[in-house]
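In the working numbering, the protein residues as written are 117 to 418. All C-beta atoms, glycine included, are put in the ideal place defined by N, C-alpha and C. In this text the structure is predicted, and so the values were computed from the model without any measurement.
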Ligand SMILES: Nc1nc2c(ncn2[C@@H]2O[C@H](COP(=O)(O)OP(=O)(O)OP(=O)(O)O)[C@@H](O)[C@H]2O)c(=O)[nH]1
Ligand SMILES: [Mg+2]
């Protein structure tokens, strides 16, 4: 029997649940999730097997109206993730419906005219009543020729199996793209930095999470089987450093603890995590900061 393998890009507004869906499809947390918008910054691949079909899910940053250089690079990464895929799944939040942001994405899809298969996944159905879903399905299908519509809850798991089965059949015939037991292709150093950024985003308020970036500086395998990991948290301003550190360093300490616990679970071994906060006013304009998180700096140029 022949195998199938291909790429499925998940696109949508920030917070639609793309990373949550990727993690559920893969069966492990490879992409960070928060209740805040613009959590994912780059394309993150997760690999799922369904019968003889390998589906490489591409999680993308949310599509929004970009203001900063970083925002533009994120949105460019999202659209190019879609362009490279065999199937695109547009995720919509059921309770928010067709927002202005969704309308703009639909325009973007129509303009591309790529001939790609585009499916609609109405997510967070746990938050609305059934009649709302029917109206939304009708409305959206009148606006764009979706190959299929799914109603799902990425968080609770409803409808996700149907979507996976359908996608498996849509993948082109061909050999597997990754070993069958591989679930992600992000370097461990990057996953580790993302975990820390997730904990920071959950703990810090307002704009601060958008003004910082995390990089893994060193990773040392110890003789006793543990890993010693040093990370740098770049902030844009002096004042931000104090906030990230917190009173007597308690904020960064709590972040470090939460990140370490999750890393240990992920790596299944002991981790020594060291976090350092560095003020770097220009980091949002430094191309190395972009490549470190998997973005292309030149994508953000106007
Ligand atoms: N109620 C409900 N919440 C969900 C569901 N799926 C995701 N969420 C929540 O929605 C929020 C955003 O989820 P993410 O997966 O980070 O969303 P995203 O689309 O990756 O967001 P960006 O990375 O910012 O573009 C989180 O708080 C999730 O727990 C769902 O099916 N139901
Ligand atoms: Mg995300």
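In this structure, the CA atom of residue 308 is about 30 Å from the CA atom of residue 287. Per DSSP, reduced to three states, the secondary structure at residue 391 is strand. For the 8 Å CB-CB criterion, residue 250 and residue 127 do not form a contact.
Taking the Cα positions, residue 253 is about 28 Å away from residue 143. For residue 127, the uninterrupted beta strand (DSSP E) segment begins and ends at 120–128.
One Cα belongs to residue 297, the other to residue 364, and the distance between them is close to 44 Å. Within the stretch 337–415, the beta strand (DSSP E) runs of at least 3 residues that lie entirely inside it are, in chain order, 343–351, 387–395. Residue 371 and residue 329 have their alpha carbons spaced roughly 14 Å apart.
No Cβ-Cβ contact shorter than 8 Å links residue 411 with residue 121. Look at the beta carbons and you see the stretch 271–289 not touching the stretch 300–314: under three pairs across the two are nearer than 8 Å. Annotation for residue 226: the continuous alpha helix (DSSP H) segment containing it runs 216–228. Exclusion of residue 242 from the 7 Å shell around ligand 2 follows from its C-beta lying no nearer than that to any non-hydrogen atom of the ligand. For residue 131, the number of other beta carbons within 10 angstroms of its own is at least 16, and it is reported as buried. In terms of side-chain proximity, the C-beta atom of residue 156 is found nearer than 7 Å to a non-hydrogen atom of ligand 2. Boundaries of the alpha helix (DSSP H) harbouring residue 310: 304–319, taken from the DSSP string.
Here residue 125 really is in contact with residue 198; their C-beta atoms are around 5 Å apart, less than 8 Å. Residue pairing from DSSP places residue 169 in a beta bridge opposite 120, 166. The Cβ atoms of residue 243 and residue 210 sit closer than 8 Å to each other.
The beta carbon of residue 166 lies closer than 8 Å to those of 280, 281, 283, 284 in the same chain, with the five residues before and after it left out.
Excluding residues up to 5 positions away in sequence, 119, 121, 170 lie with their Cβ nearer than 8 Å to the Cβ of residue 292 in the same chain.
The beta carbon of residue 136 sits closer than 7 Å to the beta carbons of 149, 270, 271 from its chain, once the five residues preceding and following it are set aside; these are given in chain order.
The C-beta of residue 246 has fewer than 16 other C-beta atoms within 10 Å across all chains shown, which makes the residue exposed. Its chain contains 141, 142, 171, 173, 280 as the residues whose beta carbon lies nearer than 7 Å to that of residue 164, once the 5 sequence neighbours on both sides are disregarded; these appear in chain order. By DSSP's assignment, residue 266 forms a beta bridge with 237.
If you draw a straight line from the Cα of residue 262 to the Cα of residue 228, it is about 14 Å long. The Cβ neighbour count for residue 117, taken over all protein chains shown within 10 Å, is under 16; the residue is labelled exposed. In summary, residue 332 is buried, with 16 or more beta-carbon neighbours lying within 10 Å of its beta-carbon over all protein chains present. Here residue 338 has 344 as same chain residues with Cβ atoms under 7 Å from its own Cβ, once five neighbours each way along the sequence are excluded. Under the DSSP assignment, residue 206 falls in the beta strand (DSSP E) whose first and last residues are 203–209. With at least 16 other beta carbons inside 10 angstroms of its own, residue 157 counts as buried.
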